[in-house]
Each structure stands twice: as C-alpha cells, then as structure tokens.
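Have a look at the structure below, then the notes.
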Amino acid sequence: MGIRFVLLVNKQGQTRLAQYYEYLTLEERRALEGEIVRKCLTRTEQQCSFVEHRNYKVVYRRYASLFFLVGVDNEENELAVLEFIHLFVETMDRHFGNVCELDIMFHLEKAHFMLEEMVMNGCVVETSKSNILAPIQLMDKAA
Amino acid sequence: MAGSSSGPSLMDSLFQRTLDDLIKSLRSATAISGADSPSLVLSRAVDDIRREIRASDQTTKAIALQKLTYICALHGVDISWAAFHPLELLPSPIFLHKKLGYLAASLSFSPSTSVLPLATHQLRKDLSSPCDPAAALALEFLSSPAASADLARDLCVELSSLLSSTRPRIRVKSTAASLRFFTLYPDSVRVAFKRLVENLECADQRVVSAAVGVFCELSAVDPKSYLPLAPEFYRILVDCRNNWILIKVLKIFSRLAPLEPRLAKRIVDPVCDHLRQSSAKSLVFECIRTVFTSLDGFDDAVKLGVEKLGEFLASEDDPNLRYLGLKGLSMLQPIHLWAVEESREIVVKSLGDPDSNIQREALHLIVRMVSDANLIEISTILLNYALKSDPEFANEILGEILSACCRNFYELVVDFDWYVSLLGDMSRHPHCTKGEDIEHHLVDIGLRVKDARPELVRVARDLLIDPALLGNPFICRILSAAAWVSGEYVELSRNPVELVEALLQPRVSLLPVSARAVYIQSVFKVLIFCLHSYLEQDGAGPLVTRDPVGGSQMSESSDAVMFEISSNCSFDSRIGLEGKDNASNVQRAHTSNDSAETKGFLTYDSLKHILDLIEMSLNPLVECSEVELQERARNILGFISALQKVQGSDFDEEGFRRDPRNCKLITVMADAFLEDLGPVSANAQGRVLVPDGVSLRDDLSDLDGILEGERLEEPSSAPVFFKRSDQLSEAQEEDLPSLTESKSLLAEHRRQHEVYYLPKESSEAEKEGYPRANEAPSSVGHGHIAEGSIQDLIKLTKESLGPRRTKPRPVVVKLDEGESVPTASSLKSVEPRDDPLSGVVREVLLQDGDEPTTSRRISSGNPSRRRSKGTMIPRSTGESAPHSDENLGDLQKGGRHHRSHSHRRQGRDGAQSRPETEDRGEEGKVSHKGSHRSNHPRRHRRKEEAEGPLNVIQQAPPGQDLLL
Chain A
1 MGIRFVLLVN KQGQTRLAQY YEYLTLEERR ALEGEIVRKC LTRTEQQCSF VEHRNYKVVY
61 RRYASLFFLV GVDNEENELA VLEFIHLFVE TMDRHFGNVC ELDIMFHLEK AHFMLEEMVM
121 NGCVVETSKS NILAPIQLMD KAA
Chain B
1 MAGSSSGPSL MDSLFQRTLD DLIKSLRSAT AISGADSPSL VLSRAVDDIR REIRASDQTT
61 KAIALQKLTY ICALHGVDIS WAAFHPLELL PSPIFLHKKL GYLAASLSFS PSTSVLPLAT
121 HQLRKDLSSP CDPAAALALE FLSSPAASAD LARDLCVELS SLLSSTRPRI RVKSTAASLR
181 FFTLYPDSVR VAFKRLVENL ECADQRVVSA AVGVFCELSA VDPKSYLPLA PEFYRILVDC
241 RNNWILIKVL KIFSRLAPLE PRLAKRIVDP VCDHLRQSSA KSLVFECIRT VFTSLDGFDD
301 AVKLGVEKLG EFLASEDDPN LRYLGLKGLS MLQPIHLWAV EESREIVVKS LGDPDSNIQR
361 EALHLIVRMV SDANLIEIST ILLNYALKSD PEFANEILGE ILSACCRNFY ELVVDFDWYV
421 SLLGDMSRHP HCTKGEDIEH HLVDIGLRVK DARPELVRVA RDLLIDPALL GNPFICRILS
481 AAAWVSGEYV ELSRNPVELV EALLQPRVSL LPVSARAVYI QSVFKVLIFC LHSYLEQDGA
541 GPLVTRDPVG GSQMSESSDA VMFEISSNCS FDSRIGLEGK DNASNVQRAH TSNDSAETKG
601 FLTYDSLKHI LDLIEMSLNP LVECSEVELQ ERARNILGFI SALQKVQGSD FDEEGFRRDP
661 RNCKLITVMA DAFLEDLGPV SANAQGRVLV PDGVSLRDDL SDLDGILEGE RLEEPSSAPV
721 FFKRSDQLSE AQEEDLPSLT ESKSLLAEHR RQHEVYYLPK ESSEAEKEGY PRANEAPSSV
781 GHGHIAEGSI QDLIKLTKES LGPRRTKPRP VVVKLDEGES VPTASSLKSV EPRDDPLSGV
841 VREVLLQDGD EPTTSRRISS GNPSRRRSKG TMIPRSTGES APHSDENLGD LQKGGRHHRS
901 HSHRRQGRDG AQSRPETEDR GEEGKVSHKG SHRSNHPRRH RRKEEAEGPL NVIQQAPPGQ
961 DLLL
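In structure tokens:
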C-alpha cells in the first residue's frame with residue numbers, strides 16, 4: 001500500500017478530513033492523529049516536509065491554516081507525494097474557488113469524493129483535475 | 001415502517017437540522033463544559049440522528065447519515081450501532097443518497113462488520129450496472145479497507161469482467177480494486193490476473209497507471225513471482241512519458257533487478273536516460289534510488305546518480321531536497337562509499353542543520369564513514385555535538401558511536417585506553433540513557449581486552465567516587481559495571497582503600513538492588529585483596545608489591561604491579577600520568593599514619609579502617625529484606641567475624657600477622673577470587689554432554705515461577721560475574737568454621753555436580769587460547785579513502801583533534817563463530833514471507849511460462865522488433881507533456897479494445913481454437929486440485945472460465961521474451 005492515510009489538520013490540530021486506506025479502530029486513529037499532529041505541527045518552515053514515524057513516513061505540506069499530512073510507506077517517493085498533495089489542493093481550489101478550511105468543513109463529502117477519484121487502495125489512480133471533478137460536477141448538476 | 005416511527009419522521013423531515021447546522025453549532029460550541037460544550041452538542045446531535053435515521057423518508061435518512069458520517073470521521077464518535085443504515089441507502093435511485101451510503105459504509109465499516117454480507121447483492125448489482133457512477137461507487141467501496149474476504153470471493157468474477165471493460169473509468173477503478181481482491185482472497189488471482197496483466201498494455205494510460213500501481217504493491221511482497229512480467233514493465237519504462245507511472249515502474253524494477261542480473265543490464269540504459277533527461281525531481285530521485293539500490297554494479301550509472309544527487313545536496317533553500325540528498329547517499333552500497341566521502345563536507349555541515357531529520361541522516365552517514373584510522377576523531381567530534389544537542393538527538397549520537405565502536409568485536413578500536421575513557425565521558429553526559437550498552441561494553445572489554453584493564457579500572461574508579469552520579473537512574477547500570485570492574489581487577493587499582501570507601505558511601509542506597517549487590521560483592525573482593533597483599537608485603541619487605549602480588553599464585557596476572565606503594569617508586573608511565581592525583585588520594589587515606597609515605601598505604605591501620613567501615617556500613621543490611629543484599633552482606637560480615645574468632649579478643653597488628661590460621665583463611669579466599677574470568681560463549685552450555693541417567697526436562701517447570709522475581713532484577717550481563725561469587729558464598733556459608741576446607745569442598749561439589757560445571761578441558765583450552773591473536777588492525781582495510789576523510793575532518797573541526805597515539809592494538813579475545821556483541825540497536829532482518837497470494841500468482845504465471853522461456857533463450861533483446869510484432873493497437877501519440885498532471889487523463893480516447901468483451905465466450909473460443917492450450921489447462925487443473933485445499937464446484941467453474949482467456953492472451957506476447 002503506497003498511501004496509508006490522508007489527513008487534513010488545521011493549525012490548532014483539529015482534524016478536518018481523515019481518510020484511511022487500511023482499517024484502524026477509532027482508538028488507533030485517534031492515537032495516530034495525535035502523535036502525528038504533535039510531531040508535524042511543531043516543525044518550522046526551514047525544516048523538511050518528511051517525518052519518519054514508526055514504520056512509515058509522513059509527507060506533509062502546509063497551505064495557509066491547513067496542514068495536509070499523508071502517511072506513506074517508507075519506500076514511497078516523497079516528492080511524488082508532495083506533488084499529489086499539491087494536486088489535491090489545486091483540484092479543490094478549482095472546484096471551490098480559492099478553497100479554504102471552511103469549504104472543506106462544510107463540504108467534507110465532496111473532499112472525500114475527490115480523494116476517492118484520485119486514490120484507490122492507496123495508489124494514485126487519477127491525476128487529471130477535470131477527470132477528478134467530472135463525477136462531482138455531474139452530481140451537482142443532478143441535485 | 002410502523003406508524004409509530006412515521007410520526008417522528010415527519011417532524012424530523014420538517015425540522016431536521018442539516019449538516020451545515022450541525023457544523024455551525026459545533027463551531028460555536030466553544031465552552032469547555034456545560035450545555036454549550038462540544039461533547040454535549042455532539043451527544044445531542046447523535047440523539048437526534050438516532051431518531052431521524054429510522055425515518056422512512058429517504059432524504060431525512062440521507063441527511064442523518066451524512067451528519068453521522070461527519071461526526072464519525074472528524075470527531076471519532078463510534079457509529080457501529082448504525083451500521084445497517086448505510087446499507088439502506090445503497091439501492092437508492094437518487095445518486096447522491098447512494099453515494100452518501102457508500103461513503104458512510106467505506107468510512108465506518110470494518111471487514112468484520114456483521115451486516116457487511118448484506119451488501120453483497122447490491123454490490124453485485126452495481127458492479128454490473130451499465131451506469132458508470134454506480135459501478136465506480138461499488139468498486140471504490142470494494143477497494144476500501146471495509147471490504148472483506150467474503151465479498152472479494154463472491155464478487156471476483158464480476159471484477160474480472162470489468163477489468164476488460166470498454167468504459168475507461170470503470171476499467172481504471174476495477175484495476176485498482178483488484179489489489180484489494182488479491183490480498184483479501186488470493187484465489188481471485190486465478191480469475192483476474194491475466195486481465196490485469198493485459199491492462200499493462202492498455203492504450204489508456206490511466207489503466208496502465210492503475211495496473212502498474214497494483215504490481216508495484218504486489219512486487220513489494222514477493223518480487224520473484226513477477227519476474228516473468230519484466231518485458232511488459234520494460235516496455236513501459238522505455239515508452240512511457242508519464243512520471244507517475246515511471247516512478248512506479250522504477251520501483252518494480254528496483255525489486256526485480258537484484259533477482260536477475262541480465263535484467264539489471266538491460267534496464268540500466270533507460271534508467272540513465274530518464275536520469276539525464278527528466279526535469280522532474282521526483283523522477284530523478286526515483287532513478288537515483290533505483291541505481292543506488294539495485295544497479296550498483298554499474299559504475300557509470302552510479303557516478304551519474306551521484307552527480308545528480310549533488311544538485312539535491314547543494315540546494316541551500318530547499319530542506320526537502322537536502323534531506324533527500326542525504327537519504328540518497330545513505331542508500332549507497334559500501335563499495336560506493338567514495339561518494340559519501342566526496343560529499344563529507346556537506347554531510348558534516350548538515351549535522352548542524354536546523355532540521356533534526358537532516359541531522360539524523362547526516363549522523364548516520366558520518367558513522368558510516370568511520371574507519372579505524374579516524375574513529376577517534378569522529379567520535380570526539382560527535383561527542384562534542386552530543387553535548388550541544390537536545391537529549392533525544394544526543395542519545396542517538398551516543399548510540400551511533402557505541403554501535404560503531406563495538407562493531408565486530410571492536411574491530412575499529414585500536415586504542416582501548418581511549419575507548420574506555422570515552423565510555424567514561426559518555427556516562428557523564430547529562431542526558432545519557434545508554435546505560436545498558438555502556439555497561440555491557442565496560443564489562444565486555446574487561447573480559448576480552450587484558451591490556452585495557454588498567455585504564456578500565458581507572459575510569460571505573462572515577463565513576464565510583466563521584467557521588468553526584470549515584471542519583472541518576474540512567475547510569476546505575478554503568479556504575480554496577482564499574483563496581484564489578486573495580487572488584488574483579490582490584491590488583492590494578494592504585495588505592496583499594498579509597499575504592500572501599502567509594503563502594504560503601506551512603507548514597508549507594510540510591511541504587512537499585514541489582515547494582516548494590518554487585519557493589520557489595522566488589523567490596524568483598526577488594527577486602528580479600530587488601531588482606532592478602534598486606535600479608536604478602538609483610539613477608540617480603542616493603543617493596544614486595546613491585547613483584548607480582550601474591551607470588552606464584554598471582555603469576556597469571558603478570559602485570560599486577562599496579563598496586564602502588566610509595567610516591568618515590570619508579571612508576572610505569574601509565575601510573576606516572578596520574579601521580580598528582582594519586583598523591584592526594586594517599587593523603588586522604590592515611591591521615592593518621594606517617595609510615596604510609598614510605599611503606600605503602602596498606603598499613604594495619606588502613607586495614608582496620610576498611611574492616612570497621614565494612615562492618616559499619618553492612619551491618620544494617622543483615623536485616624535487609626532484599627535477599628541478594630542480605631546474603632552478600634552476611635557473607636562479608638561472616639568472614640570478618642571468622643577472622644576475629646581466630647584472632648581472639650586481641651586483634652592487634654602483630655598477632656594478626658603471625659597467626660598462621662589467619663594467613664590460611666585469607667589465602668584460601670584470595671585463591672577463590674584468583675582465577676581470571678574470561679568471556680563465556682553463548683553456546684558453551686550446549687557443548688556440555690548430558691551424562692546418562694540425568695534428565696534435564698523433568699520437574700523444572702515450576703522453577704520459573706520461583707525464580708521469576710529474582711530474575712527480573714538481575715542485569716543482563718550479570719550471570720557472568722554472579723555465578724562464581726554465588727558458588728563461593730555457598731561454600732563459605734556452609735563451612736564457616738572450617739574455611740580452610742572450602743577449596744576441597746568446592747572440588748567435592750564439582751565432582752558431585754559435574755553437570756552444572758563446564759568441562760575442565762574446555763575452560764583450560766580457553767585459557768590457553770586466551771591470547772589468540774586477533775587480525776592485525778592494519779589489515780582491516782582502511783584505504784586511502786579513510787585517510788582522505790581524516791584530512792578533511794581535521795580541516796573541518798580543528799579544535800577537537802588530539803594527537804594521534806601510536807600504540808599497538810591490544811589483543812581482543814574472541815570466542816567461536818556464533819558470538820556477537822549485542823547492542824540495543826541491532827537490526828532485525830526481515831525474511832520475505834511466503835504468503836498464499838504469491839503462491840497463486842506464481843502458479844498462474846507459471847501455467848503459461850514454458851512457452852516464453854523457450855523463446856526467451858533464442859531471441860535477442862530488441863525492443864523495436866518486439867514492438868512491431870506486438871498485438872497491441874498502435875500506441876496513442878498523445879503521451880508527451882512530461883510531468884504534467886493532465887497527461888494521464890487525456891488519452892482515454894485510444895481506449896477501444898480489440899478483444900471480445902465477453903470473457904466467457906472468449907474463453908471458450910480460445911480453448912477450442914487451440915487444443916494444446918486445452919491440455920495445459922487440464923494440467924493446471926490437476927495441479928490446482930493437488931495444491932489447494934478445497935475444490936468445490938463453484939470455484940472450479942470459475943477457474944475454467946479464467947483459464948480460457950489466460951491461454952488466449954498467451955499468444956499475445958510474442959515479444960515477452962525479448963528482454964532477457
């Protein structure tokens with residue numbers, strides 16, 4: 001499994017989106033989120049975006065008040081994951097227009113739908129923004 | 001729905017709070033407690049949802065579920081009670097509701113969710129639905145962590161047919177989902193594998209991307225099984241322009257290449273091409289990784305990789321690239337260490353990086369550069385860094401130094417005096433938590449390296465006399481090792497009196513019991529030594545201690561002259577260094593006795609002082625509830641009282657010396673402590689033959705329970721030195737009145753319980769072989785490279801370098817093969833496991849493996865020929881635009897498929913048209929029956945279905961073999 005989880009966390013450490021690609025119990029999730037948030041949010045701009053944690057690593061990137069944290073296998077290509085994060089942000093940006101934390105909060109399911117289009121089973125399967133957004137736009141039109 | 005529930009549902013539909021309302025109220029709920037606290041808002045919301053979700057109205061239900069999903073995903077509320085409700089929405093004709101149902105299910109279900117089997121029917125319906133979004137939803141759900149093995153089993157036929165769907169989106173999703181199917185239900189490989197392989201050659205890059213992703217994951221577990229697919233991957237490596245795909249393919253190759261040298265030879269050029277041409281850092285780094293880990297036999301490629309990596313290392317403003325640069329260096333195999341040496345300036349500089357991750361990588365790299373020629377310098381530098389670093393990193397540095405030094409029996413350490421004092425310095429590091437390792441090293445060096453013992457004793461003494469160290473729980477184990485060293489090698493000590501004082505200082509009570517026990521035992525050893533040498537020195541005149549202490553009995557410790565008596569003696573150089581220090585010690589020990597200055601400080605008075613001190617300090621322990629302490633204390637006190645008994649009431653100087661019984665008593669005890677302890681092989685016990693009539697297995701089962709508490713307290717290396725003293729104390733306690741017989745009793749004991757002793761011959765052989773020469777240190781292979789690095793490190797850190805010592809390397813005693821110096825940080829190697837999945841994959845691939853292998857031998861590797869022969873439709877021309885995120889998606893128009901879409905019919909056709917494949921199918925079936933536990937008819941039918949297409953595809957890759 002390449003990607004193990006995608007987490008969106010705000011500056012205060014509150015989880016804004018959590019998508020796991022392997023099954024974890026609620027307690028495990030809470031513990032994991034706590035550990036990672038503690039570890040990543042304290043890092044500064046001068047430090048690199050990769051943190052090794054337990055038997056995987058976290059690649060993260062900060063956009064305004066939001067941290068995008070992606071847990072990946074140790075062998076995964078760090079730069080490609082950064083690229084993936086950026087793609088995800090750009091896709092949301094295109095959909096919401098200047099995406100912000102509130103957009104994701106109030107449209108959590110849409111963020112999930114986008115992720116579902118982009119990642120399956122921990123593998124990135126779709127990298128075209130228009131392809132990712134097509135089903136969501138279709139749904140919006142129908143609604 | 002019953003009428004009772006339709007009532008509230010109408011109300012609920014009218015006044016239902018939407019998800020937005022919920023989020024707003026959660027956001028405004030900032031109070032820590034009370035009605036406005038988030039937890040209360042949440043529980044109220046859950047109560048509402050519990051009612052709403054039972055509504056018959058689909059919209060109400062959907063909104064309730066949406067809220068529930070939100071609460072579960074972001075606030076970690078357990079919603080397992082609602083597991084049935086997502087299922088209710090799955091068949092909904094309204095797509096949004098359906099989607100919400102699937103989302104809720106995939107986020108909150110686990111494979112063990114009890115209602116999950118109820119979804120099977122709906123999933124099958126959605127999978128076969130002509131409507132893309134519905135099928136996509138089902139596939140997404142089946143690839144989520146909620147999917148179970150049962151679902152995979154029941155739906156793998158549907159998945160298989162979707163794998164060659166003409167709808168690109170569905171084909172992508174089913175390809176990606178197949179990974180979950182394979183891992184959950186390995187037998188699905190038989191049904192779907194061939195189509196998955198086919199998808200590697202699909203014209204739609206998205207499908208290829210998904211398929212490559214699946215193989216990338218599969219090959220991580222068991223690369224060997226996927227070796228036959230190398231030609232397909234190679235084609236992608238050469239032709240593909242999509243970086244996402246290339247990265248995955250490179251990963252696959254980095255796993256396959258080590259298994260097949262010819263493959264490595266073939267891929268090295270395309271990989272280097274990508275390395276040279278790509279502007280995408282991610283791809284460049286992946287190429288570097290592949291070269292360094294799997295193509296390290298190709299010097300040119302490695303050089304190119306190192307060159308490119310230099311750009312990473314040099315990027316001042318991007319910590320990510322710097323980190324990856326160091327990471328890349330650490331992937332280099334030892335034979336390419338030159339590259340690390342070349343970049344050492346950057347590496348050493350990175351040790352001071354603001355990012356601890358970069359620091360850590362730099363540390364690993366520096367330690368890798370250590371050789372016996374620069375060990376001292378590098379360790380000194382690192383130790384200085386450790387003093388400046390935060391506790392966590394400081395300990396990492398200490399750990400790295402320790403593991404570098406102890407590698408392969410201190411292979412790199414030439415100057416043990418230096419190393420021992422380094423251990424002393426480390427122990428004094430304020431944040432040191434490496435007590436266990438240091439303890440082990442101190443004892444181990446004492447046992448193995450005879451020449452290091454004088455320095456070891458000095459370092460141990462410095463640690464012991466420092467009362468400040470006793471309060472630090474992390475180094476109590478080091479202190480216990482120091483105490484053992486001081487007791488065991490007391491003849492090398494310059495001032496035994498001081499040692500006894502240190503071992504009995506009041507703050508010792510701060511130590512744990514295990515350490516205190518060692519302290520007391522060491523006091524005993526020191527006492528015996530003092531008494532014995534007092535007698536000896538008296539017999540042979542004031543300068544006797546220049547001779548080996550104890551005359552012939554002590555002759556084994558040939559340089560046991562260290563026991564120093566007067567300041568005007570000519571010391572050897574080692575002691576001379578400490579002359580000043582020593583003078584003050586003498587002062588302290590002999591305030592009352594002037595003759596000490598001339599005659600040595602072991603006067604009768606100092607002996608009396610020791611005895612009094614011991615009695616005073618140990619008397620309280622006689623009633624101690626800790627058995628270890630009590631027993632040891634009693635041993636010593638018993639011995640002292642035995643002396644006094646012999647002496648009678650007038651315990652005076654003359655009488656003490658003259659009394660032959662005293663001499664005998666002391667000599668016997670000294671003899672008991674005399675023998676040098678050597679390292680004991682871990683397998684030594686295994687070599688003891690079990691005599692006839694002795695059963696080692698009976699009635700010892702309850703022993704564990706009895707010994708459990710005791711065992712917990714003992715430090716790991718304790719048995720080495722507890723063992724002998726235990727025997728002694730036993731013998732001594734039994735026979736206090738007739739101590740003179742103790743030795744013969746020991747012999748008697750040995751005779752009776754021979755089983756529990758190591759055979760005499762072997763221990764003697766060990767003693768003889770004691771100075772077995774180690775490899776000469778110079779031969780250990782530090783070449784010009786190491787020399788170079790010294791030069792550089794000297795330049796970089798001028799201030800921290802001391803003069804190089806030129807000393808011959810002392811002998812390090814090694815035992816047989818199986819021994820190793822354990823460290824806390826020793827790595828465990830992971831064995832690849834043979835899981836059912838790879839078994840099935842190998843089986844499926846081998847089924848049609850014979851044809852390719854024969855042609856593989858004949859054909860010459862020529863990609864262009866292979867391509868022209870291929871059955872695939874012409875490649876789309878749209879694949880350009882390197883590293884554009886769109887370049888995956890815009891190619892689907894080429895996704896028409898040349899084969900029949902009904903796999904069933906295709907299967908039958910294939911079987912009929914090619915009789916020989918039919919045969920092979922039969923063979924396959926037979927082998928299935930043999931190797932697989934169940935062959936119930938249903939699965940069997942599927943197998944047949946699967947084999948048809950497999951065999952058809954088999955004709956397809958005529959170029960499959962060209963690679964090798």
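Protein chains in written order, with full-length UniProt numbering: chain A, 1 to 143; chain B, 1 to 964.
All C-beta atoms, glycine included, are put in the ideal place defined by N, C-alpha and C.
Residue i - containing beta strand (DSSP E), residue span
i                      : result
residue 69 of chain A  : 66–72
residue 368 of chain B : Here residue 368 of chain B belongs to no beta strand (DSSP E); instead the alpha helix (DSSP H) covers 356–368.
residue 19 of chain A  : 15–20
Residue span of the alpha helix (DSSP H) that contains residue i, given as start and end
i                      : result
residue 400 of chain B : 391–410
residue 498 of chain B : 496–503
residue 3 of chain A   : No alpha helix (DSSP H) contains residue 3 of chain A, which is instead part of the beta strand (DSSP E) from 3–10.
residue 277 of chain B : 261–277
residue 380 of chain B : 375–388
residue 667 of chain B : 660–674
residue 847 of chain B : 836–847
residue 52 of chain B  : 38–52
residue 81 of chain B  : Where residue 81 of chain B is concerned, there is no enclosing alpha helix (DSSP H), given that its DSSP letter is neither H nor E.
residue 607 of chain B : 604–618
residue 183 of chain B : 168–184
residue 137 of chain A : 129–142
residue 47 of chain A  : Taken as a continuous stretch (DSSP letters only), residue 47 of chain A belongs to no alpha helix (DSSP H), as it is neither H nor E.
residue 105 of chain B : 95–108
residue 468 of chain B : Taken as a continuous stretch (DSSP letters only), residue 468 of chain B belongs to no alpha helix (DSSP H), as it is neither H nor E.
residue 298 of chain B : Taken as a continuous stretch (DSSP letters only), residue 298 of chain B belongs to no alpha helix (DSSP H), as it is neither H nor E.
According to DSSP, residues forming a beta bridge with residue i
i                      : result
residue 63 of chain A  : A:66
residue 57 of chain A  : A:52 and A:72
residue 123 of chain A : A:120
CB-CB length for residue i against residue j, believed under 8 Å
i                      : j                      : result
residue 967 of chain B : residue 521 of chain B : The question about residue 967 of chain B has no answer here: the residues shown for chain B are numbered 1 through 964.
residue 229 of chain B : residue 174 of chain B : Between residue 174 of chain B and residue 229 of chain B the Cβ distance is about 19 Å, and since that is not below 8 Å, they are no contact.
residue 176 of chain B : residue 121 of chain A : 5 Å
residue 200 of chain B : residue 236 of chain B : 7 Å
residue 358 of chain B : residue 322 of chain B : 6 Å
Cutoff 8 Å: residue i Cβ touching any chain B Cβ
i                      : result
residue 34 of chain A  : no
residue 42 of chain A  : no
residue 28 of chain A  : no
residue 142 of chain A : yes
residue 95 of chain A  : no
residue 6 of chain A   : no
residue 83 of chain A  : yes
residue 48 of chain A  : yes
Proximity test, Cβ basis, 8 Å: residue i and chain A
i                      : result
residue 15 of chain B  : no
residue 23 of chain B  : yes
residue 57 of chain B  : no
residue 567 of chain B : Confidence at residue 567 of chain B is low in this model, with a pLDDT of 34, below 50, so its placement is unreliable and the value that follows should be read with caution. Closer than 8 Å: no.
Near-chain B residues of the region 13–24 of chain A (beta-carbon distance less than 9 Å), N- to C-terminal order: Cβ contacts with chain B: 14, 15, 16, 17, 18, 19, 20, 21, 22, 23 and 24.
Residues in the region 199–221 of chain B having any Cβ partner in chain A nearer than 8 Å: 206, 209, 210, 213, 214, 216, 217 and 220
Contact residues within the region 295–329 of chain B, judged by C-beta distance below 8 Å to chain A: 319, 320, 322, 323 and 324
Quick one, which residues of the region 268–293 of chain B are near chain A if we go by CB-CB under 7 Å, in chain order? 281, 282, 285 and 286
Please list, in chain order, the residues of the region 336–360 of chain B that have any C-beta partner in chain A closer than 8 Å. 354, 355, 356, 357 and 358
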